[in-house]
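Heads up, the sequence shown is in UniProt numbering, so the first residue is 1 and it goes up one at a time.
Glycine is no exception: its CB is placed at the ideal position from the N, C-alpha and C atoms.
Note that the structure is a prediction, hence the values are computed from the model and not measured.
Here the structure is laid out as structure tokens; the discussion comes afterwards.
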Amino acid sequence: MQQNSSLTKHIGLCGFLQVTRILNKTWDIVFADELFAMGSFGIALRNKKIFKKPYVMLSTTVILQYFTWELALGRNFLCQPSSWTPFSDDIHFDVTNMVHRWSALYAEAISGISIKFGIECRKNKGLATLGINDFSFTDLWTNAAYIFQEEMDYLAFPTPISNDVLNIGSYCPQPNHLPLDLREFIEDSSSKGTIYIAMGTNVKWANAPLSITAAFKYVMRELHQYRIIFVNDNDSLQEMPSHVKVLNWAPQFDILNHNKTILFISHGGLKSIKESICTKTPMLFIPIFADQAHNAAIGAKLGFTRSLNKLTLNNEKLLVVAREMLSNNRYMDSVSRMHDIFLDRPMNSIEEAVFWTNRILRLAGRKNTFKRKGMSLSLIDFFYLLHIAFLVLFITVLCKN
């Protein structure tokens, strides 16, 4: 017990020294992830406050949707799916459907307000330790040199941006050569094509309901004309027919990039949907959590995906949808078209991100963009809440009279 206590103190001291070293160092530029990375928010704001150095917000999820009004981007909550899109079969978002619009508005408003004020109004000891005692998302977004956005909702729905909000996610990595055993398995002459099944690193097949594992087993047995690569961590799912290769880990992008891979069954994270587009592989979503249902709505709008509800998934439903996607060329045509649009840019998006980063460094703290005046408006002013309250009061008085 005493040894454990000493070890804990030693680790704590080492951690403290490392953090102190980070805080006392002047960083030329800080990249802060938007996904509630309060530590990186604090380091970015501290570095700017003390050393007058810039920072860039890196938007890798749909969290930016909650703060577009603070950025005065002119985006409408009613025009695109919420990050809290409900689970269903064939998830989609129809802007002409009033129920879809109002559910999106409700989800975005509740989430945005609860996130903003839930964090800002709570005393954050971690940020206070960094010297940030009055944290606000308004300051965080307003003072960022740029916002680099990886989201791809702009491909499906109207998404205004500005000179400080840059889409840098439109790039595809270079594939590597597949290992010989995988290549021979995929290129089997008797196969009608390869199906790749992977649900991400956060999904533990060992904890999956028996009905779900049974559905996947059934479908893989039925699709014996195809080669299937199944990535999972469950020992009970290791024994499969010869046309199924079970792996604990797989070179996902390289497998999807093979021209014989014709269907990708996935949870639908941002990385997965981008790899689907990059490799021209149709995608069957089974969203699990977070922004995956939102991504399914994006994919459905772009025409190369379908989705199934994890809560009602069964043998026949999974088999019917998989067979429909395998036999219908429109999904392959749509994803090929989206691939061309995705990469149709004046310059590679990674090179563009490097260009703007170097520009920030060259300016050495000088203003690099013009900020919109709307960013200085309060929530009450931006949403005309006083006007609405006065109108409600006026109508109430009229009705009483």
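**OP:** Indicate the three-state DSSP secondary structure (helix, strand or coil) for Tyr-66 in the structure shown.
**Re:** helix
**OP:** Compare the Cα-Cα distances from Ile-265 to each of Arg-227, Val-231 and Ala-198 and report the closest residue.
**Re:** Ala-198
Original post:
Taking the alpha carbon of Asp-340 as the point to measure from, which residue in Ile-286, Lys-280 and Ala-322 has its own alpha carbon closest?
Top reply: Lys-280
Original post:
Does the segment 85–104 come close enough to the segment 114–131 to have 3 or more Cβ pairs within less than 8 angstroms?
Top reply: no
Original post:
Skipping 5 residues on each side, what residues in its chain have a beta carbon closer than 7 angstroms to that of Val-203?
Top reply: His-267 and Ile-288
Subject >> Rounded straight-line distance, which links the Cα of Leu-223 to that of Ser-242 >> reply: 12 angstroms
Subject >> Pairwise C-alpha distance: Ile-110 and Gly-118 >> reply: 11 angstroms
**OP:** Could you name the residues of the same chain whose beta carbon sits closer than 6 angstroms to that of Lys-49, not counting the 5 residues immediately before and after it, in chain order?
**Re:** none
Subject >> Bridge-paired residues (DSSP) for Asp-33 >> reply: Leu-58
Original post:
Can you check whether the CB of Tyr-218 is closer than 8 angstroms to the CB of Asn-328?
Top reply: no
Subject >> Cβ neighbours of Glu-150 in the same chain (closer than 6 angstroms, five flanking residues each side left out) >> reply: Thr-60 and Gly-169
Original post:
Are Val-30 and Tyr-55 touching if we call contact CB-CB under 8 angstroms?
Top reply: yes
**OP:** May I have the straight-line CA-CA distance separating Asp-134 from Trp-141, to the nearest angstrom?
**Re:** 14 angstroms
Original post:
Could you give the residue range of the alpha helix (DSSP H) that holds Ile-197?
Top reply: Careful: Ile-197 lies outside any alpha helix (DSSP H), inside the beta strand (DSSP E) at 194–198.
Subject >> Element boundaries [beta strand (DSSP E), containing Ile-265] >> reply: 261–266
Original post:
In or out: Met-98 buried (at least 16 other Cβ within 10 Å) or exposed?
Top reply: exposed
Original post:
Among Gln-80, Glu-324, Asn-248 and Pro-346, which residue has its Cα nearest to the Cα of Tyr-154?
Top reply: Gln-80
Original post:
Can we say the segment 296–313 touches the segment 244–261, given the rule of at least three CB pairs closer than 8 angstroms?
Top reply: no
Original post:
In this structure, does DSSP put Val-321 in helix, strand or coil?
Top reply: helix
Original post:
Is it the case that the Cβ atoms of Ile-360 and Asn-368 are separated by a distance below 8 angstroms?
Top reply: yes
**OP:** Jot down the residue ranges of each uninterrupted alpha helix (DSSP H) in the segment 189–252, minimum 4 residues, whole runs only, in chain order.
**Re:** 210–222
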